[in-house]
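The opening residue of the sequence shown carries number 21 in the working numbering; numbering runs sequentially from there. Note that the Cβ used here is the ideal one computed from N, Cα and C, for glycine as well. All values reported here derive from a predicted model rather than from experimental measurement.
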Amino acid sequence: MKLELNDRVALVTGASRGIGLAIATTLAAEGAKVALAARGAEALDAARTIVEGLSSIHVADVTDPAAAKALVEGVEKQWGRLDILVCNVGSGASVPPGKETAAEWSRVMDLNLFAATNMIEAARPLMARGSGDRSIICISSIAGMAALGAPVTYYAAKAALNATVRGLARPLALEGIRINAVAPGNVLSADGTWARKLAENSAAVEDMLVRDVALRRLGKPEEIADLVAFLVSPRAAFITGSVMVADGGQLRS
């Protein structure tokens, strides 16, 4: 299937590793011009060598609204437009249930909710001036849909992100912009949480997969990236306001 992404301009946040890097790589392979953003310059330099095709890198902490605005301005200066925005900043690391503090709530919400809303607010005017199919994807988690043992702060932040996507679908549609979320399950990346858990106790991970995941395996970043590439393409032009699950059959409702 041809996704018709040639020469489309895409911005991917949290793009220096894991799912974000896989998304940037896949979009570039489909012919898009891809701007990669993350907080670490060294990691971004390494990521750029992996992403083949037209790309640029931008060091930005998008939990800061001003930094998000400057990032979009940089993309506009280079490419003149923005067709695809992928909000991938996030982290499930937090404190055990019952240990939450005001500071921890703020930190987790910044990473998992406000990093996305800052980018949507910053990118919306530029995307609205565009033409053709324009699309925003927020990388969520199945933790935003069910209690699965993750920190409470993470549950709440991802649930709020899902609600944001659904709530923005109608007003953004009036501007020609689609918005969807992708909710991955357990995804294995080289330096991610599941790589650490496998190194610490592979038997426990295998037990969890057999017990909880229909396909009995961890996901791959590339599998999430393929779903994102389809959703941002004109082939998915009738899909907006959805939260698309890719979890190997872990959710049961």
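The shortest C-alpha to C-alpha distance from Ala143 to any of Lys89, Val172 and Leu181 is the one to Lys89.
For Arg154, the enclosing beta strand (DSSP E) starts and ends at Arg154 to Ile159.
In the DSSP annotation of this structure, Ser36 is not part of any beta strand (DSSP E), being labelled neither H nor E. In the DSSP annotation of this structure, the continuous segment of the beta strand (DSSP E) that includes Lys53 starts and ends at Lys53 to Ala58.
Excluding its 5 nearest sequence neighbours in each direction, Leu181 has C-beta neighbours in its own chain below 8 Å: Asn132, Leu133, Ala136, Cys158, Ser160, Gly164 and Ala201, listed in chain order.
When the beta-carbon positions are compared, Ala189 and Ile199 come within less than 8 Å of each other. Under the three-state reduction of DSSP, Leu188 is assigned to helix. With a cut-off of 8 Å on Cβ pairs, the segment 116-124 is not in contact with the segment 79-95, counting fewer than three such pairs. Short of 6 Å from the beta carbon of Thr46, and not among the five residues preceding or following it, lie these beta carbons of its own chain, in chain order: Ala245 and Ala249.
Going by C-alpha positions, Pro145 is about 13 Å away from Ala193. Under the three-state reduction of DSSP output, Ser209 falls in the coil class, being neither helix nor strand. Comparing C-alpha distances from Asp27 to each of Leu218, Ile104 and Leu41 shows the shortest one belongs to Ile104. Contact between the segment 170-186 and the segment 231-244 is absent, with fewer than three C-beta pairs closer than 8 Å. Val71 sits close to Ala44, with the two beta carbons spaced by under 8 Å.
Here Glu50 is buried, its C-beta having at least 16 other C-beta atoms within 10 Å. Residue pairing by DSSP puts Leu105 in a beta bridge opposite Leu31 and Ile156. The continuous stretches of beta strand (DSSP E) do not include Pro116, and DSSP gives it neither H nor E.
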